Each structure stands twice: as structure tokens, then as C-alpha cells.
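Presented below is the structure to which this report refers.
There are 2 protein chains.
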Amino acid sequence: MDSWVDGQPADALSLKDRGLAYGDGLFETIAVRRGQPLLLDRHLSRLMDGCSRLRIATDHDLVREELVAFAAMLGEGVLKLILTRGDGLRGYAADPQAQGRRILQGSAAPAYPIDNAEQGIRLFPCVTRLSRQPLLAGLKHLNRLEQVIARSEWQDAGHAEGLMLDHAGRVIEGVFSNLFLVRDGVLITADLKRCGVAGVMRAELLFQAESLGMPTQVTDITLEQLQWADEVFVCNSVYGIWPVCAYAALSWPVGPLTRKLQTIARALLDA
Amino acid sequence: MDSWVDGQPADALSLKDRGLAYGDGLFETIAVRRGQPLLLDRHLSRLMDGCSRLRIATDHDLVREELVAFAAMLGEGVLKLILTRGDGLRGYAADPQAQGRRILQGSAAPAYPIDNAEQGIRLFPCVTRLSRQPLLAGLKHLNRLEQVIARSEWQDAGHAEGLMLDHAGRVIEGVFSNLFLVRDGVLITADLKRCGVAGVMRAELLFQAESLGMPTQVTDITLEQLQWADEVFVCNSVYGIWPVCAYAALSWPVGPLTRKLQTIARALLDA
Chain A
-18 MDSWVDGQPA
-8 DALSLKDRGL
2 AYGDGLFETI
12 AVRRGQPLLL
22 DRHLSRLMDG
32 CSRLRIATDH
42 DLVREELVAF
52 AAMLGEGVLK
62 LILTRGDGLR
72 GYAADPQAQG
82 RRILQGSAAP
92 AYPIDNAEQG
102 IRLFPCVTRL
112 SRQPLLAGLK
122 HLNRLEQVIA
132 RSEWQDAGHA
142 EGLMLDHAGR
152 VIEGVFSNLF
162 LVRDGVLITA
172 DLKRCGVAGV
182 MRAELLFQAE
192 SLGMPTQVTD
202 ITLEQLQWAD
212 EVFVCNSVYG
222 IWPVCAYAAL
232 SWPVGPLTRK
242 LQTIARALLD
252 A
Chain B
-18 MDSWVDGQPA
-8 DALSLKDRGL
2 AYGDGLFETI
12 AVRRGQPLLL
22 DRHLSRLMDG
32 CSRLRIATDH
42 DLVREELVAF
52 AAMLGEGVLK
62 LILTRGDGLR
72 GYAADPQAQG
82 RRILQGSAAP
92 AYPIDNAEQG
102 IRLFPCVTRL
112 SRQPLLAGLK
122 HLNRLEQVIA
132 RSEWQDAGHA
142 EGLMLDHAGR
152 VIEGVFSNLF
162 LVRDGVLITA
172 DLKRCGVAGV
182 MRAELLFQAE
192 SLGMPTQVTD
202 ITLEQLQWAD
212 EVFVCNSVYG
222 IWPVCAYAAL
232 SWPVGPLTRK
242 LQTIARALLD
252 A
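From first to last, the protein sequence lines are chains A and B. Numbering (our numbering) for the first sequence: -18 to 252. Numbering (our numbering) for the second sequence: -18 to 252.
Okay, structure coming up:
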């Protein structure tokens, strides 16, 4: 598959890049259908927030142009954008004038079992906990060792995702998904002010639910609340929504609100 | 300056490297004098510990051989080794068979002001806190955004280092150094079981102090304990020891134990 660095075809990166040295950068994983990058405004909005918080200077119009052009070339699949702070010298101090380096990579859409969306999935109970870091919470940054370790906890195909808690035992998210639960008709997802990635599909579903008049709540979630949920599902901007049918000894039916939002997510990813 | 990837001269890296994608790897920064990599056994020992904890398969004899050969070529300066989990596909799951990728880069020794070692330095009081993550604590891994953010807190040359606390307010380390304090003749440094990097010079100084019959303590340190310290210094394996003369409103004289250990560190880095 093709890849670009700063708008030019390339398959290699400078060894001095601070993305490699320190994970000093951000990324976005964008579904592409019929040559279009999907949920592009939300991806760009999260990227801009990340650039602002990490103070990575970036021409956002140029990023948008490149994403659109790359998606047109890719046609179908997944487009990954990595934005690093560019080359560094020795040491953590960053050049405040440095421009972000744009790395675009294309790949085929992942071939997930159709049952994930239809029957629902089992969540693996990860023992790896998310650490509390408000300065990075919500960002899709390149420091992902917690996810790498959590994902290494299970190899069996029987678990399509894993659930991660924070050090206080709060329910936060999947390894590569956000989590929602439904209780008495209210759509609930974790507050990500301490840790976690504020997913693009999560934001879109909160928006869609509010548009439909469905009450939503962004709050701290305990394992006990999970236990009493009527419906549980995970989501991301590539696969849409997977109902969760089991986690450890808990189980849930695939519920009507999950199916309703799944139909909406499917339409968004089938644009 | 020269650089090698897996033993071959190279100045670029595969865009698929998991070091870039997730910070999935480790690094060591090694002083080189007269063609010799200094404190090599301690650097390799920490690297092996990191590979074992992150389950990165690595031929450690080969790593040693390459470090020795690269240092001989470099002559004088600093050798940086980055060890990543190699190329990945999409997703966090790692290939358990994957071999670590070895990236070696040489640079000139940093030109720190001589006053840092002679007169001592002022520590900047960083507001960026280190997050608690026992699974990564002590490792010199590639997830370094906390250090990048902390180092961006000051630009003035009047602060040669910054002090980082954890979220509970414990005194942990410098941004690129470990911290020691001396109180009633006891050499004290922070317990790094929750966060922090277990520095090679820190380990060496604890060993040297014990060899000299100097009592040592590895424990949690509060700001109040720092306030009552007789001597304070920071250290790493490139610059050795810098006495700390001030932090916020606190100040300390350059003490005799600091000078004694500084002489030892200097000898180790002048091999």
C-alpha cells in the first residue's frame, strides 16, 4: 500500500523523528469508502485539539487537503495519519518553530467477523490499568504502551476486545474502542478527563443521540453500574458498533438502542 | 553523524515500525569515551529488564557487539540505542515472534555549562506530574510525552533541569536525571515502583555508596523531606553529577558527599 511523508510518496522516515524518539505526536485512523475519508471533520477537530494541547504547529488546511487526496487514491480501506513534531536533536526540549510532520499510510479495511456486529462480542477483562494523566487524557497520542500491554493479555479469538479500567477501578474504554452502556433509556459513556481516548465515533454517537432526543450522560462508571446496565456496546470509527454480550461473569442481550445506533453508525460508515 | 539500523548503516526507518506507531520500544543513552561505551553492563542490564517486561525478543549478545563496534567508530560523544518491537501491521496486537529492531545513533557530547557541575544548578518546579503506571515504572521506554511536556515548561537558561513529582506530590526525579538527597549522612533517592526511570548512574551511585559503607535509602520522598535535606544533587550517565543549589524557595550548599560522589562519577565517565 502507498504511504506519504509530508505530501510526498515515501516508505521511510528520518531516524531523528521525535515520534520515534518519544512518541511525540498524534494519530488518526480514518475509514475510507468510495474515495472519501469518513467523519473527517471530527477527526480533524480532535487532531487540532491535540496539536493545540501538545503545541505542535500544523497547517490544518494542508492536512485536510492531503487526507482528501490520499483517500481518493486509496478508494476503500483505512487511512492512518501520524502527525509527529518532526526531527529533534538530543534531549526533550522541542524547537517551538518546528512544523509537524505528516505521515499517511493506507491499508485494506480490517476483516472482522460479521458476528461481532450481529451477535455481539465478549470483552476480555484486562488487568492492565490506564494511568491518570489529565494532560494527555482524551488525546490520540503516540504513547500507547498501555494499549500494547493490555492487548497482549489475550490471544484467543473468543474475545474481540478487552475492557480497560483506570487505577481507581473505573470503567473507561476498550483497548481500541470506546464503551457505552444504556440504563433506563439513558446512553452513558465514561468521562475521559483523567485518561482514555476521546473517540470520533463516541463523539458522533453522543451527538446523534442528542439529536434524537435520547438522554446522554458522560460520567464516571463503576463496575457495579456496568453490572446493572440494560445494554452495553463498544464503538470506533472503523467498525462502527459492536454489541457487548459478555464481560467476565456478566452478560447482556443485544438491545434496541444498540441496534438503533448501530444502524446510524452503519450509515455513517457507508457514506 | 553515523547511524545504523540492525547493524547496517542507515538514516531512515520503516514507516511501519511500532516504535513510531505506539512508542513500542526502549532506549539507552550511553556516554562514549576513547571508543568505549561507558557503564555498558548497567545499560544492557536495564535494557534486558525492559525487553523481558515488554516481551521484546532480542539477541542481547548481538546488541552488545554492535554497541561496542559503534562506540569504537564514534570515538567520543553519546551513543543512543533505540530498540523497537519492529514492524507492525494495523492494531495493537504484537507478533510474539517479532525480533526487536536495533537503531544506533551517534552524536557529539552535549556542551553543558561547566558551572552546572561546579556551582550547582537551579531546578525548575515542573507542574507536569508523572502518572502512576507500575507496569512501566523504572523502564526507559519510548513513551516520553510527560517529559516532553515537562521540558516545555521553561525556556530560560537559568534552570538546567526540572523536578517532577508524581500525582500524589512525591518527589520522583528530574526530566532527564535522577535525584538524590543527603540527610544526616544517608544517601536517599526515590522509590521508582510507580513511575520514573531507573537511571544507570543512579544504580551505579547506590552501588558505589554501599561499597564505601555509606548508608543508602530508596524510599518515597516528600517535598518536606527535600526541604530538610543537607545536600541535593541530580545525576545521569552522560553528565555525571550536578549539585542542586536551588528549587523554588529552597536552597542548599554544595555538600561534601555530593563532591565525593561527583569525583567517583567523573572517574567513571572518564574511563
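Quick reminder that beta carbons are idealized off the backbone N, C-alpha and C, glycines included. Just so you know, these numbers come straight off a predicted model, no measurement behind them.
C-beta neighbour in chain A for residue i, strict 7 angstroms
{"i": "Gly119/B", "result": "no"}
{"i": "Ser112/B", "result": "yes"}
{"i": "Gln80/B", "result": "no"}
{"i": "Tyr3/B", "result": "yes"}
{"i": "Gly166/B", "result": "no"}
{"i": "Gly0/B", "result": "yes"}
{"i": "Ala149/B", "result": "no"}
{"i": "Val213/B", "result": "no"}
{"i": "Gln128/B", "result": "yes"}
{"i": "His122/B", "result": "yes"}
C-alpha gap between residue i and residue j, whole angstroms
{"i": "Ala75/A", "j": "Leu146/B", "result": "21 angstroms"}
{"i": "Ala79/A", "j": "Gln136/B", "result": "15 angstroms"}
{"i": "Glu205/B", "j": "Ile95/B", "result": "30 angstroms"}
{"i": "Val13/A", "j": "Ala89/A", "result": "9 angstroms"}
{"i": "Leu117/A", "j": "Val215/A", "result": "22 angstroms"}
{"i": "Asp(-8)/A", "j": "Arg83/A", "result": "13 angstroms"}
{"i": "Gly4/A", "j": "Ser192/B", "result": "38 angstroms"}
{"i": "Ile107/A", "j": "Ala131/A", "result": "With the sequence shown as reference, residue 107/A is identified as Cys, and Ile is not the correct amino acid for it. Taking the straight line joining both Cα atoms gives about 6 angstroms."}
{"i": "Arg103/A", "j": "Ile37/B", "result": "28 angstroms"}
{"i": "Asp172/B", "j": "Ala248/B", "result": "26 angstroms"}
{"i": "Leu85/A", "j": "Val(-14)/A", "result": "6 angstroms"}
{"i": "His269/A", "j": "Gly31/A", "result": "Chain A is shown only over -18 to 252; residue 269/A falls outside these bounds and no answer can be derived."}
{"i": "Val152/A", "j": "Arg175/A", "result": "12 angstroms"}
{"i": "Pro115/B", "j": "Arg34/B", "result": "11 angstroms"}
{"i": "His148/B", "j": "Arg113/A", "result": "8 angstroms"}
{"i": "Phe105/B", "j": "Ala141/B", "result": "8 angstroms"}
{"i": "Arg125/B", "j": "Pro237/A", "result": "43 angstroms"}
{"i": "Gly139/A", "j": "Thr239/A", "result": "21 angstroms"}
{"i": "Gly0/B", "j": "Phe8/A", "result": "13 angstroms"}
{"i": "Gly72/B", "j": "Trp223/B", "result": "43 angstroms"}
{"i": "Val235/A", "j": "Val219/A", "result": "20 angstroms"}
Neighbour list for residue i in chain B, Cβ cutoff strictly below 7 angstroms
{"i": "Ala74/A", "result": "Arg132"}
Partners in chain A for residue i, counting only beta-carbon separations shorter than 7 angstroms
{"i": "Ser(-16)/B", "result": "Leu(-4)"}
{"i": "Ala(-7)/B", "result": "Ala(-7), Leu(-6), Ser(-5), Leu(-4)"}
{"i": "Leu116/B", "result": "Thr109, Ile130"}
Within-7 angstroms CB hit, residue i to chain B
{"i": "Asp40/A", "result": "no"}
{"i": "Arg125/A", "result": "yes"}
{"i": "Ser88/A", "result": "yes"}
{"i": "Gly56/A", "result": "no"}
{"i": "His140/A", "result": "no"}
Contacts that residue i makes with chain B (C-beta to C-beta distance below 8 angstroms)
{"i": "Phe157/A", "result": "Gly72, Tyr73"}
{"i": "Ile102/A", "result": "Neighbours of Ile102/A on chain B: none; closest Cβ ~15 angstroms, over 8 angstroms."}
{"i": "Arg36/A", "result": "Ser133"}
Sheet register partners of residue i (DSSP bridge)
{"i": "Asn217/B", "result": "Gly221/B"}
{"i": "Asn159/B", "result": "Glu154/B, Cys216/B"}
{"i": "Ile11/B", "result": "Leu60/B"}
{"i": "Phe289/B", "result": "In the structure displayed, chain B extends from -18 to 252; residue 289/B sits before or after that span and is not available."}
{"i": "Tyr93/A", "result": "Answer by DSSP bridge pairing: none, since Tyr93/A is not bridged."}
{"i": "Ala38/B", "result": "Gln80/B"}
{"i": "Thr200/A", "result": "Ala171/A"}
{"i": "Tyr228/B", "result": "Leu104/B, Leu231/B"}
{"i": "Leu(-6)/B", "result": "Leu(-6)/A"}
{"i": "Asp68/B", "result": "Asp(-2)/B"}
{"i": "Pro18/A", "result": "Val13/A"}
8 angstroms Cβ cut-off: residues of chain A touching residue i
{"i": "Pro91/B", "result": "Arg71, Gly72"}
{"i": "Val59/B", "result": "Arg71"}
Under 9 angstroms by beta carbon: chain A residues contacting residue i
{"i": "Ile63/B", "result": "Leu(-4), Leu1, Ala2"}
Listed by chain order, chain B residues near residue i by CB distance under 9 angstroms
{"i": "Ile84/A", "result": "Leu(-4), Leu1"}
Three or more C-beta pairs below 8 angstroms linking the segment 149 to 164 of chain B and the segment 204 to 218 of chain B
They touch, by the three-pair rule.
State whether the segment 20 to 30 of chain A contacts the segment 180 to 198 of chain A, with contact taken as three or more CB pairs (one from each stretch) at a distance under 8 angstroms.
At 8 angstroms Cβ cutoff, the stretches touch.
Would you call the segment 34 to 47 of chain A and the segment 57 to 71 of chain A touching, i.e. three or more CB-CB distances under 8 angstroms?
Yes, since at least three Cβ pairs between the segment 34 to 47 of chain A and the segment 57 to 71 of chain A fall closer than 8 angstroms, the two stretches touch.
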